[in-house]
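Colleague: Below is the structure I would like to discuss, written out as structure tokens.
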Amino acid sequence: MSQCDPEPPGPNPADFESSCVYCHQYTPEALAEVAHPWAPLSCVDCHGGNRDAFTQEEAHIAKPQAVTSTYRHLATEELNNLNMDYLRFANPGDLRVAEISCGSKNPQSIVGVTGCHQGIVETTQRSVMSTFTGHYNIPRFLAGLQGREAAVGAVSLESQTDDQPMGTVMSIEPLLGPEPDSSDVGFVMDTYLVQACPKCHANAPGPNDAYGNYRSSGCTSCHMVYNDDGISRSLLQNISNPNNTDGQSPHPQTHQLTSAIPVAQCVHCHYQGARIGLMYQGKREAGGFKAQDEDGFPIDEAAPRPNHATYEGRAMFVNNRPSDFYIEYEDDDNDGLEDTPADLHHTAGLVCADCHIGSDVHGDGYLYSTGKFQAKIRCESCHGTVRETIQPNDEGFFTNSAGEPIKALYENEGKIYLRGKLSGKDHVVKQVKESLDNYPTWTNLQNAMGVNEDGYSHTDDIECHTCHTGWRQSCLGCHVTVGKGYRSRTPNYQTGTNELNYFEGERFFSSVKDIFLGMNHRGKISTVCPSEQMFISMKEKTDEGAATVMDMQVRRTATGKLGFGWQPNHPHTTQLVAQPCTLCHLKEDGSNEKAVKGVYGFGTGEFMLRDGEGQAYDLTQILDENGDPIVDFAHEGTGAVPPDVIQRAMEITVP
Numbered sequence: 001m002s003q004c005d006p007e008p009p010g011p012n013p014a015d016f017e018s019s020c021v022y023c024h025q026y027t028p029e030a031l032a033e034v035a036h037p038w039a040p041l042s043c044v045d046c047h048g049g050n051r052d053a054f055t056q057e058e059a060h061i062a063k064p065q066a067v068t069s070t071y072r073h074l075a076t077e078e079l080n081n082l083n084m085d086y087l088r089f090a091n092p093g094d095l096r097v098a099e100i101s102c103g104s105k106n107p108q109s110i111v112g113v114t115g116c117h118q119g120i121v122e123t124t125q126r127s128v129m130s131t132f133t134g135h136y137n138i139p140r141f142l143a144g145l146q147g148r149e150a151a152v153g154a155v156s157l158e159s160q161t162d163d164q165p166m167g168t169v170m171s172i173e174p175l176l177g178p179e180p181d182s183s184d185v186g187f188v189m190d191t192y193l194v195q196a197c198p199k200c201h202a203n204a205p206g207p208n209d210a211y212g213n214y215r216s217s218g219c220t221s222c223h224m225v226y227n228d229d230g231i232s233r234s235l236l237q238n239i240s241n242p243n244n245t246d247g248q249s250p251h252p253q254t255h256q257l258t259s260a261i262p263v264a265q266c267v268h269c270h271y272q273g274a275r276i277g278l279m280y281q282g283k284r285e286a287g288g289f290k291a292q293d294e295d296g297f298p299i300d301e302a303a304p305r306p307n308h309a310t311y312e313g314r315a316m317f318v319n320n321r322p323s324d325f326y327i328e329y330e331d332d333d334n335d336g337l338e339d340t341p342a343d344l345h346h347t348a349g350l351v352c353a354d355c356h357i358g359s360d361v362h363g364d365g366y367l368y369s370t371g372k373f374q375a376k377i378r379c380e381s382c383h384g385t386v387r388e389t390i391q392p393n394d395e396g397f398f399t400n401s402a403g404e405p406i407k408a409l410y411e412n413e414g415k416i417y418l419r420g421k422l423s424g425k426d427h428v429v430k431q432v433k434e435s436l437d438n439y440p441t442w443t444n445l446q447n448a449m450g451v452n453e454d455g456y457s458h459t460d461d462i463e464c465h466t467c468h469t470g471w472r473q474s475c476l477g478c479h480v481t482v483g484k485g486y487r488s489r490t491p492n493y494q495t496g497t498n499e500l501n502y503f504e505g506e507r508f509f510s511s512v513k514d515i516f517l518g519m520n521h522r523g524k525i526s527t528v529c530p531s532e533q534m535f536i537s538m539k540e541k542t543d544e545g546a547a548t549v550m551d552m553q554v555r556r557t558a559t560g561k562l563g564f565g566w567q568p569n570h571p572h573t574t575q576l577v578a579q580p581c582t583l584c585h586l587k588e589d590g591s592n593e594k595a596v597k598g599v600y601g602f603g604t605g606e607f608m609l610r611d612g613e614g615q616a617y618d619l620t621q622i623l624d625e626n627g628d629p630i631v632d633f634a635h636e637g638t639g640a641v642p643p644d645v646i647q648r649a650m651e652i653t654v655p
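Heads up: the sequence shown at position 595 corresponds to 595 in the working numbering, and the numbers run straight through without jumps.
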């Protein structure tokens with residue numbers, strides 16, 4: 001396109017006076033597809049460019065030479081060095097330019113048209129979704145490269161605050177790769193991290209190269225929805241035209257911002273790490289794990305699949321995985337009940353954005369070391385406690401733990417409702433206290449949650465999800481090999497360079513039947529998941545060939561403890577029926593003692609791995625036989641369940 005038809009197709013409520021719509025035509029069917037329906041913004045208010053020009057060359061911001069196809073293929077540092085006018089033109093929501101597009105630096109903000117979101121832009125720049133601190137913090141701590149506090153992330157930033165509560169730092173710097181003077185362990189870790197990990201933060205759009213990972217960056221990484229195939233369903237003629245030289249993918253679903261964000265949009269990033277986005281939907285990974293011998297050690301065979309299962313089953317590869325990689329339904333014991341059901345909130349039609357509001361996603365100005373500290377929603381925020389139902393604040397709003405209003409939560413005729421952000425459906429929100437009051441003779445309910453004659457309730461010391469977690473997928477043991485001096489198969493996703501060092505990884509075991517417990521930063525017993533249980537190897541290219549520097553070496557923290565990570569984690573597999581009391585307490589005949597000890601971290605012996613020297617490790621073990629931790633928990637204020645608490649729990653027997 002070099003010349004546009006000067007006759008517009010008709011009035012456009014978003015920008016009826018600019019030349020943009022002469023080419024980016026709004027047909028009558030597309031009139032509802034206004035990008036920002038909350039205020040009458042023009043195209044150039046967001047994108048910049050020349051609204052009075054009638055040729056592409058004059059109207060558009062010229063594409064820099066660094067952009068060979070699309071800006072989406074640039075790494076974080078490359079985006080930092082890009083012409084900001086062009087970046088704004090390509091994506092007004094990118095955090096590098098959002099102050100101009102969405103914030104107070106927009107010229108139209110002086111007349112009150114734009115600039116509404118300056119505060120949110122500033123806090124979102126510091127959100128863990130943008131800084132990526134949590135993904136770097138844990139593996140580097142477990143390798144003895146840093147403390148529990150975040151040191152590096154995806155960007156260079158300072159906190160907006162003067163105070164520094166637990167879980168926060170005052171500044172971070174970007175992790176660009178291993179330093180020249182890195183130790184061998186440091187070289188392996190930082191090479192692996194920048195090549196494998198920084199693809200799911202809001203300061204870059206990620207690969208955009210496979211089914212399920214198409215998205216934008218910055219504000220629009222969430223608020224501009226993408227289909228899993230990256231193909232637009234827009235009614236704008238030039239986007240839906242098959243002859244469009246930009247191609248069909250990747251484009252947003254429609255050219256429209258929204259706060260009604262579907263689960264699928266969140267899962268474009270949150271299918272990795274703790275796999276929360278998958279488990280919430282009742283899905284889990286099946287591929288890439290190894291079978292075991294009778295002693296629990298890996299053998300060179302694929303792990304057996306469940307006896308009765310259905311798979312994602314798409315003809316395309318999902319997130320660069322084959323179509324049988326993700327299980328949607330499984331009933332291994334053939335009892336007619338699903339072994340890995342979706343979270344009851346998902347079944348009810350709730351999406352992530354119904355709970356995770358405000359600072360949970362946008363941040364609050366602090367630089368957090370991990371999302372565990374940034375998230376402010378609690379089960380009690382909606383369901384109250386065993387002693388009190390939820391109460392509105394002075395403005396009439398129910399709030400999360402940070403005092404932020406949950407505006408979709410309201411009371412009507414004595415009942416609490418939550419209006420679904422995506423569905424618009426009103427959901428009755430049960431109050432724990434009312435359930436206890438309504439069933440005073442239900443012994444199991446009262447014993448599990450009620451307040452006893454001494455004024456004690458399990459919920460004083462235990463998170464709600466600890467008992468109401470239905471299942472979780474635990475990944476145990478992985479092996480990362482770095483080849484120093486060998487051409488990399490993947491780029492450095494932070495700098496965009498192709499390194500002369502490569503990495504490859506393999507993983508060993510998976511379990512959906514084990515639950516482990518520890519202490520979270522709130523001082524409560526929580527489910528914990530094995531995390532970054534990494535064995536590392538390194539070979540170096542020499543004139544004589546490949547020299548082995550490390551072989552299946554176990555990392556150590558700065559204290560010398562095993563670098564096998566464990567982290568308190570809410571799996572998001574909440575079920576109405578809670579875990580049995582025998583998960584934590586002994587049966588009267590003591591027949592479940594080994595299983596209960598396994599829950600507390602004494603080891604089950606079911607998942608075993610040897611290092612390069614032949615030393616065997618139980619990957620389920622957190623404590624030695626005396627109850628002392630053999631590992632360091634990576635998050636501040638977290639750790640194993642104390643021995644006296646374990647002893648007290650195991651002294652109580654149940655039928």
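The C-beta atom is built at its ideal place from N, Cα and C for all residues, glycine as well. Model, not experiment: these values are computed from the prediction.
Would you decide whether Gly565 is buried or exposed? Buried here means 16 or more other CB atoms lie within 10 Å of its CB.
Modeller: Buried.
Colleague: With a CB to CB cut of under 6 Å and the five nearest residues on each side skipped, what residues in its chain are close to Val97?
Modeller: Around Val97: Met84, Leu87, Arg88.
Colleague: Could you please give me the residues that DSSP links to Met519 through a beta bridge?
Modeller: Answer is Ile525, Gly639, bridged to Met519.
Colleague: Which term fits Asp94, buried or exposed, when burial requires 16 or more other beta carbons within 10 angstroms of its beta carbon?
Modeller: Result: buried.
Colleague: Looking at Asn208: is its Cβ nearer than 7 Å to the Cβ of Arg72?
Modeller: Contact: yes.
Colleague: Hey, could you find the ends of the beta strand (DSSP E) Tyr600 is sitting in?
Modeller: Looking at the DSSP string, Tyr600 is not in any beta strand (DSSP E); the run it does join, the alpha helix (DSSP H), is 593-600.
Colleague: Looking at the strands, I want to know which residues DSSP matches up with Ile327.
Modeller: Ile327 is bridged to Arg284, Tyr311.
Colleague: Can you tell me which of the three DSSP states Ser156 falls into?
Modeller: Three-state result, Ser156: coil.
Colleague: At the level of alpha carbons, what is the spacing between Ala315 and Tyr211?
Modeller: With a pLDDT of 49 at Ala315, under the threshold of 50, the predicted position of this residue should be treated as unreliable, though the coordinate-derived value follows. Spanning the two alpha carbons is a distance of roughly 10 Å.
Colleague: Where does the unbroken alpha helix (DSSP H) through Met84 begin, and where does it stop?
Modeller: Its alpha helix (DSSP H) spans residues 84-90.
Colleague: So Val428 packs on Lys415, CB below 8 Å; how close in whole Å?
Modeller: Sure, about 6 Å apart at Cβ, within 8 Å.
Colleague: Could I get the ranges of all uninterrupted alpha helix (DSSP H) runs contained in the region 430-512, with 4 residues as the minimum, in chain order?
Modeller: Runs found: 432-438, 443-449, 464-468.
Colleague: Quick check: the Cα distance between Glu411 and Tyr417, rounded to an integer number of angstroms?
Modeller: When rounded, the distance between both Cα atoms is 6 Å.
Colleague: When the Cα atoms are used, what is the spatial distance from Gln621 to Asp514?
Modeller: Taking the straight line joining both Cα atoms gives about 12 Å.
Colleague: Cβ atoms of Val432 and His383: under 7 Å apart, would you say?
Modeller: Yes.
Colleague: Among Gly273, Gln615, Gln473, Ala274, which has the Cα closest to the Cα of Asp551?
Modeller: It is Gln615.
Colleague: Just how far apart, CA to CA, sit Tyr192 and Val549?
Modeller: Using only the alpha carbons, I get a separation of about 16 Å.
Colleague: To the nearest angstrom, how far is the alpha carbon of His24 from that of Cys116?
Modeller: Rounded to the nearest angstrom, the two C-alpha atoms are 26 Å apart.
Colleague: On the DSSP letters alone, give me the boundaries of the alpha helix (DSSP H) that Ser221 sits inside.
Modeller: Counting along the chain, the alpha helix (DSSP H) containing Ser221 begins and ends at 220-223.
Colleague: Compare the Cα-Cα distances from Pro37 to each of Ala342, Thr258, Gln374 and report the closest residue.
Modeller: Residue Thr258 is the option with its Cα nearest to Pro37.
Colleague: So the alpha helix (DSSP H) Ser537 belongs to, where does it begin and stop?
Modeller: Taken as a continuous stretch (DSSP letters only), Ser537 belongs to no alpha helix (DSSP H), being part of the beta strand (DSSP E) at 534-542.
Colleague: CB-CB under 7 Å to Val528, same chain, minus the five flanking residues each way: which ones, in chain order?
Modeller: For Val528, where only same-chain residues beyond five positions count, the Cβ hits under 7 Å are Phe516, Leu517, Gly518, Trp566, Gln567, Pro568, Asn569.
Colleague: Taking Gln195 and Thr466 to be in contact with their CB atoms under 8 Å, please state how far apart those CB atoms are, rounded to whole angstroms.
Modeller: So it is not a contact: roughly 36 Å between Cβ atoms.
Colleague: Between which two residues does the alpha helix (DSSP H) containing Ser381 stretch?
Modeller: First-last of the alpha helix (DSSP H) with Ser381: 379-383.
Colleague: Are the CB atoms of Gly282 and Pro341 nearer to each other than 7 Å?
Modeller: Cβ atoms of Gly282 and Pro341: closer than 7 Å.
Colleague: Pull up the DSSP beta-bridge partners for Thr574, would you.
Modeller: Thr469.
Colleague: Would you call Asp437 buried or exposed, if buried means 16 or more other Cβ atoms sit within 10 Å of its Cβ?
Modeller: The residue in question, Asp437, is exposed, as its Cβ has fewer than 16 Cβ neighbours within 10 Å.
Colleague: Please work out which residues of its chain come closer than 7 Å, Cβ to Cβ, to Pro6, disregarding the five sequence neighbours upstream and downstream, and give them in chain order.
Modeller: Note that Pro6 scores a pLDDT of 39, beneath 50, so its modelled location is shaky and nothing firm can be said.
Colleague: How many angstroms separate the CA atom of Glu58 from the CA atom of Cys20?
Modeller: In a straight line, the C-alpha of Glu58 is about 11 Å away from that of Cys20.
Colleague: Got a sec, what are the start and stop residues for the beta strand (DSSP E) Ser171 sits in?
Modeller: Start and end: 171-174.
Colleague: For Gly565, name the three-state secondary structure that DSSP assigns.
Modeller: Three-state result, Gly565: strand.
Colleague: I need the straight-line Cα distance from Arg419 to Phe397, nearest angstrom please.
Modeller: Rounded to whole angstroms, Arg419 to Phe397 spans 14 Å at the Cα level.
Colleague: Use the C-beta contact count for Ala673: other C-beta atoms within 10 angstroms, 16 or more gives buried, fewer gives exposed.
Modeller: No answer is possible for residue 673: the residues shown for the chain start at 1 and end at 655.
Colleague: Closest to Pro643 by CA distance: which of Gln118, Lys290, Leu623, His47 is it?
Modeller: Closest by alpha carbon: Leu623.
Colleague: Please list the terminal residues of the continuous alpha helix (DSSP H) segment that includes Asp209.
Modeller: From DSSP, Asp209 is part of no alpha helix (DSSP H); its letter is neither H nor E.
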